[in-house]
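Q: This is the structure, below, for whatever I ask next.
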Amino acid sequence: MSLWRQFTRGLRVLGNRKAADQETADEVSHYLEEATAALIARGLPPDEASRAARLELGGTTAVREQVRGYGWENRVDILLADLRYAARSLAGNPGFTGVSVLTLALGIGASTAIFSVVDAVLLRALPYPNPGKIVRVWEQAPDGHRMNLADPNFDDFRTRSDTFADLAIYADWLSSVSGGSEPVRVNIAEVSSGFFEALGVDPVRGRGFAAEEQRLHGAPAAIVSYGYWQRYLGGATDLSRFHLRLEAAVYPVIGVMPEGFDFPAGVAAWIPREFDPILSRTAHNWRCLGRVRDGVTVAQARANLSAIARRIRNQYGKKVDLSDAAVVPLADTLVGDVRTALLTLLAAVGLLLLVACANVAGLLLARTSARRKELAVRAALGAGRGRLIQQFLAESFWLSLAGGTLGILIAAWAVRLLPAILPANLPRQEGVAVNTPVLLFALAAIVAVAVSLGLFAAWRAATADLQEALMAGSRSYSGTGASQRLRGFLTIGEIATTLVILAGAGLLGRSFLRLISTSPGFNPQNLITMEFSLPAPQWHMEESTTVRQIHLVDDILTRLRAIPGAGTVGFAGAFPVAAGDDLADGTFLILNGQRPPATGDEFERMAQNPSQAGHASYCLAGEAYFRTMGIPLVRGRMFGEQDDRNSPHVAVISESLARQRWPQQDPIGQVIEFGNMDGNLKPLTIVGIAGDVRARGLDFPPSPIIYVDYRQRGLNANASPTILMRSAGPAGEIVTAARGIFHDLAPDVPVKFSTFADEMGGWLADRRFLLLLVGLFAAAALGLAAVGIYGVVAFSVTRRTQEIGIRMALGAQRSAVLRLIVGEGARLAALGVAVGIAASFAITRLLSSLLFGVSATDPITFAGVAVLLCLVALLASYIPARRAMRLDPSAALRYE
Amino acid sequence: MDEPNTDLIQGTLDMLILKALSLEPMHGFGIARRIEQVSRGVFKVNPGSLLTAFQRLERVGWLDSEWRQTDKSRRAKFYSLTRSGRKQLEVETTNWNRRASAIARLLKAEG
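Residue numbers (our numbering), protein chains in the order written: chain R, 25 to 920; chain S, 455 to 565.
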């Protein structure tokens, strides 16, 4: 009640200060009149009475001020006055103000822009109800390796656990889908019951899957994404007329998911798929997703599934490879290894902001020194310490507000540019925007900067000796030794911080150079890729279908080779360089004269013996593939004309597999069994060894690969056929011609054309992005540090003008003066670099996971950035040193 | 004004203002004069403190103010007690009496 009164009355006064003042003045003068009248009534003559009354009152102005000084609004008044004064004082010094505001704008703008990415990718909640409850589940092997779920294990997890509200499996793959306005190759997900419930999202149109669709071999049905519905179904309200054809089956469209629902990422349609009890406990085919029951923690859910996993292990022993279960919040799994990169960026930009603040602090310090006299006068006139601090806070408030506002504009502009440079594989980047949390972050940065700078300046001003400052007289311009020392410390800190950012950028840069000079094992130049999928790939195909498919591929290859400008054209069963892991991998058997297994069960039993098992990726290819890709044959022979469907099947293996599996022996001539990959149990004889290929990315070690000939094995369910063409000709014309050939020979086969360079560009995109930004921040920090060093040295030259004059008058050479001044900058740089290297040794370790082929304390990088920083420091101090060198001694001596 | 030192005891000014106003609304000088007269000149009120005290008491809600014509047909700011001001006066009076009598007893015992 009374607080409210305080507030409203104060506001009324603030709103009309003049009227309030007038009221006080009226009251005081009325008081005076009454007092005078009273004295007259006691018999004093009027003029004496008036004098006595005035005397008693003690001056109307003083009383008015006393009354006026009451109340919180008075504080506000003083604050506003200080703000006005600060604004005027800053406007009177546009050089200082401009440099400070721009510096802070750079720091705050860059931090805000990076924070907007961190916020969207790492911090923002997933767009599902109660997203903290959604988890991913894995089987975990004894060595801690996480595996997808096998059907029977999943069934045990689901039926025996009591900590999950929903538990579902799903998988997605690229498939040809027709039934919309045109056939397309899109991602399709098979999902079990509970999938949409776990995510907590219902179709926005139509219905979800019904019970008769959610059972093994149930009624077919498909739910499509909003994007697919809009683009290929024309956004039609009546879904009943649409039937999707995929994998030779027909699925009526029953529902549309809401806009923005994108799980698994990039999926255009979801179809039901249920638990199949005949599948093995080691066929880890399914990803698993769950929603933890209310009141149950993720840790409890994990303990629950771990116990079930152990029971499965105890029951089935060596027949299963799980021994534990992993349960991780979905948000964490989506972000994955991006977290380190983003946190690195945030740290780099935070350091940049720190350098910016140190720079402005240095400027403030110089300004405080220059204003010592003004401050001393104010203090002598009775300004309390609080009032002085408020004055400094007001100034730094304006600086950081102006810098911050400009910074937010910079950030808004940067966020618009970001999509062009953000790596395509960065998850959730579509949410990057300058929104409320980002603005709050900017605001927090502004306040933090304002308070720290203001308190810093006030602290410096408060420690100055008042009397000394007043007596300093006309030499008020020069700073004290103490403040110059402090500026030196600031600059050292700035240089050290800059060195940390530079070292980080240098390490990332060297990693990047290492990577791009790493040979992928093939020649990626001038390669056009054509990914397609043939209809009806099935596990067990009719012989006639297989032969027809092989002929179709051969026909396409023949026609493609005839295109003018086409070089070699090869075929592979998978896109050879995969962003994810397109190549299937699995266990193979070394037969050594044993009878090949007749059944899958026998295969699995034989695979238990480690001496006759190995692990490799499976790649379907033709002989021309190796020539097209430029993969060399190291030893033995390639697939040849003699290898047809009836002759013994042959395999070519990669060098790394030969090294790993047959270190002492000759792998050529070994007979292996890899039928678990394609359902064909015919054994393979190794006939050749090919060069290694880094198929999963330049920063991954080359995978061991077994190549088999598509003419012998046929295309199978695991294949996602790709044709590669090397051509120096114009890609556009060749693609047009190729499109025509596909249209002639296989009109219902959708093809995705691309170039190898494009596909590989994606590999390095995230590294390029990180390097680009950290490099930019490092450059900005270097620039700021240079300005900082220049400021200190230039100020020192001004301060030491007289001294320099005396030295020169006494016969000092100009070069000695130059050395004197440059030496000052060099000393700062040397100290800063020393501190910076020590700090970097500790900090760059955190980058280890982002480095490739370079240690976190790489001496070359550290030496390089140290030298760079020292050169910049020398250059920055050379400019003022040259001015000192050219001083006229007689003018310098008289300089005050 | 040749009286010995008669500064107001810290904190009593508020109570004296409330007491002076308990009979009728008054303007600033009226209150000052009332306090002086009733205390037979023992207490002299500093006008600056008095006017500031009005601000404070008004904010706390114990006083109301109003510009009115005086009997000499001049405009003056008249203060009056609010209901909570009246209550406060009672509280302070009780407190004061308790303390004053305690001190009186102490002094007597000493004497």
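Glycine included, C-beta positions come from ideal geometry on N, C-alpha and C.
Going by alpha carbons, who is nearest to E298/R out of K157/R, V859/R, L240/R and R265/R?
A: One-based indexing of the first sequence puts residue 298/R at position 274. Nearest of K157/R, V859/R, L240/R and R265/R to E298/R, Cα basis: L240/R.
Q: Determine whether the Cβ of E51/R lies closer than 8 Å to any Cβ atom of chain S.
A: As a first step, residue 51/R is located in the first sequence; it is residue number 27 there, counting from the start. It does: the Cβ of E51/R has a partner Cβ on chain S nearer than 8 Å.
Q: Against chain R, with Cβ distances strictly below 8 Å, would G539/S count as a contact?
A: As a working mapping, residue 539/S is identified with position 85 in the second sequence. Taking Cβ atoms only, chain R never reaches closer than 8 Å to G539/S, which makes this a no.
Q: Specify, as a first and last residue, the run of the alpha helix (DSSP H) that K397/R falls within.
A: Counting from 1 along the first sequence, the entry for residue 397/R is found at position 373. Where K397/R is concerned, the enclosing alpha helix (DSSP H) stretches over R396 to A404.
Q: Run through DSSP, which three-state label would H767/R get?
A: Within the first sequence, residue 767/R is the residue found at index 743, counting from 1. Correct three-state label for H767/R: helix.
Q: Below 8 Å on the Cβ atoms is my guess for V717/R versus P544/R; work out the distance and round it to an integer in Å.
A: The sequence position of residue 717/R within the first sequence is 693, counting from 1. The sequence position of residue 544/R within the first sequence is 520, counting from 1. The Cβ separation is near 7 Å, so the contact holds.
Q: Closer than 8 Å, CB to CB, is A556/S near chain R or not?
A: Locating residue 556/S in the second sequence gives position 102, where the first residue counts as 1. Output row for A556/S: interface = no.
Q: Going by CA-CA distance only, name the one from D882/R, I580/R and R229/R that's closest to L762/R.
A: Stepping through the first sequence from its first residue, residue 762/R is reached at position 738. First, the amino acid is wrong: residue 762/R is Ala here, not Leu. When only C-alpha atoms are compared, the closest one is I580/R.
Q: Determine which residues share a DSSP beta bridge with H639/R and list them.
A: On the first sequence, residue 639/R is found 615 positions in, with the first residue counted as 1. For H639/R, which the question treats as bridged, DSSP gives the partners T611/R.
Q: Shorter than 8 Å from the beta carbon of A530/S to some beta carbon of chain R?
A: Looking up residue 530/S in the second sequence gives position 76. Yes, A530/S lies at the interface with chain R (some Cβ there is under 8 Å from its Cβ).
Q: Name, please, each residue of chain R whose Cβ falls closer than 8 Å to the Cβ of L426/S.
A: Residue 426/S lies beyond the stretch modelled for chain S, which goes from 455 to 565, so this question has no answer here.
Q: Which of the three DSSP states is assigned to W563/R in this structure?
A: Walking along the first sequence from the start, residue 563/R turns up at place 539. Confidence is the limiting factor: at W563/R the pLDDT is only 49, short of 50, which leaves the residue's position unreliable, though a coordinate-based value still follows. Reduced to three states, the DSSP call for W563/R is coil.
Q: Is there a Cβ from chain S that is less than 8 Å from the Cβ of R75/R?
A: In the first sequence, counting from the first residue as 1, residue 75/R sits at position 51. At a cut-off of 8 Å, the C-beta of R75/R has no neighbouring C-beta in chain S.
Q: When the cut-off is 8 Å and only beta carbons count, does Q509/S lie next to chain R?
A: Looking up residue 509/S in the second sequence gives position 55. Yes, its Cβ sits closer than 8 Å to a Cβ of chain R.
Q: With a cut-off of 8 Å, does the C-beta of R41/R fall near any C-beta of chain C?
A: The structure shown contains no chain C; its protein chains are R and S.
Q: I need the straight-line Cα distance from D190/R to G341/R, nearest angstrom please.
A: For the purposes of this step, residue 190/R is taken as residue 166 along the first sequence, with counting starting at 1. For the purposes of this step, residue 341/R is taken as residue 317 along the first sequence, with counting starting at 1. Answer to the nearest angstrom: the Cα atoms are 28 Å apart.
Q: Which of helix, strand or coil does DSSP assign to P726/R?
A: Locating residue 726/R in the first sequence gives position 702, where the first residue counts as 1. Residue state, collapsed to three classes: coil.
Q: Can you list, in chain order, the residues of its chain whose CB lies under 7 Å from that of W253/R, leaving out five sequence neighbours each side?
A: In the first sequence, counting from the first residue as 1, residue 253/R sits at position 229. Beyond the five residues adjoining it in sequence on each side, W253/R comes within less than 7 Å, by CB distance, of G259 and V280 in the same chain, given in chain order.
Q: Which one of P176/R, F780/R, A803/R and L769/R has the shortest CA to CA distance from R583/R?
A: Position 559 of the first sequence, counting from 1, holds the residue named residue 583/R. Nearest in C-alpha terms to R583/R, of all of P176/R, F780/R, A803/R and L769/R, is L769/R.
Q: When the distance is taken between beta carbons, is A802/R closer than 8 Å to A529/R?
A: The residue labelled residue 529/R in the question sits at position 505 within the first sequence. The residue labelled residue 802/R in the question sits at position 778 within the first sequence. In this structure, A802/R lies closer than 8 Å to A529/R by Cβ.
Q: Can you list the alpha helix (DSSP H) stretches of 4 or more residues lying completely in the region 75-138 of chain R, in chain order?
A: 84-92 and 96-115
Q: Kindly indicate the opening and closing residues of the beta strand (DSSP E) around S199/R.
A: Taking the first residue of the first sequence as 1, we reach residue 199/R at position 175. Element bounds for S199/R: F188 to V201.
Q: Chain S partners of Q30/R, CB-CB under 7 Å?
A: On the first sequence, position 6 is the one that residue 30/R refers to. Near Q30/R (Cβ distances below 7 Å), the residues of chain S are R513.
Q: Given that G482/S touches chain R, what residues does it touch there, using C-beta distances under 9 Å?
A: The sequence position of residue 482/S within the second sequence is 28, counting from 1. Under the 9 Å cutoff, chain R gives E51, V52, H54, Y55 and E58.
Q: G495/S touches chain R at which residues, Cβ-Cβ below 7 Å?
A: As a first step, residue 495/S must be located in the second sequence, where it is residue number 41. Within 7 Å Cβ-Cβ: nothing; G495/S doesn't reach chain R, min ~13 Å.
Q: DSSP three-state call for V320/R: helix, strand or coil?
A: Translated into positions along the first sequence, residue 320/R becomes position 296. If DSSP states are grouped into helix, strand and coil, V320/R belongs with coil.
Q: In chain S, what lies closer than 9 Å to A44/R by C-beta?
A: Numbered from its first residue, the first sequence carries residue 44/R at position 20. The premise fails here: A44/R is roughly 10 Å from chain S at the closest Cβ pair, so nothing lies under 9 Å.
Q: State yes or no: is the beta carbon of Y109/R nearer than 8 Å to at least one beta carbon in chain S?
A: Counting from one through the first sequence, the residue named residue 109/R turns up at place 85. With 8 Å as the cut-off, Y109/R does not count as an interface residue toward chain S.
Q: What is the DSSP secondary structure of N211/R, reduced to helix, strand or coil?
A: Here residue 211/R refers to the residue found at position 187 when the first sequence is read from its first residue. Strand, per DSSP.
Q: Inspect the CB distances between the region 512-527 of chain R and the region 855-864 of chain R and report whether three or more fall short of 8 Å.
A: yes
Q: Rank T187/R, V228/R, N309/R and S839/R by C-alpha distance to the C-alpha of V215/R and give the top, closest one.
A: For this step, residue 215/R is matched to residue 191 along the first sequence. Taking only the C-alpha atoms, the option nearest V215/R is N309/R.
Q: Give every residue of the same chain whose Cβ lies closer than 6 Å to the Cβ of S502/R, excluding the five residues on either side of it in the sequence, and list them in chain order.
A: As a first step, residue 502/R must be located in the first sequence, where it is residue number 478. At S502/R, the pLDDT of 48 sits below 50, so the modelled position is not reliable; the number obtained from the coordinates is stated separately. R823.
Q: Suppose the cutoff is 8 Å on Cβ atoms and the five residues either side in sequence are ignored; what does the same chain contact list for T611/R look like?
A: Your numbering for residue 611/R matches position 587 in the first sequence. Excluding sequence neighbours, T611/R sits near A631, A637, G638, H639 and N700.
Q: Pairs of beta-carbons, one from the region 221-237 of chain R and one from the region 269-285 of chain R, closer than 8 Å: are there three or more?
A: yes
Q: Starting from the beta carbon of L68/R, find every residue of chain S whose beta carbon is closer than 8 Å, and list them in chain order.
A: Taking the first sequence and counting its residues from 1, the one referred to as residue 68/R is at position 44. None at all; the shortest Cβ gap to chain S is about 13 Å.
Q: Have a look at R669/R, G131/R, I302/R and R685/R and flag the residue whose alpha-carbon is nearest the alpha-carbon of L800/R.
A: Numbered from its first residue, the first sequence carries residue 800/R at position 776. When C-alpha distances from L800/R are compared across R669/R, G131/R, I302/R and R685/R, the shortest belongs to G131/R.
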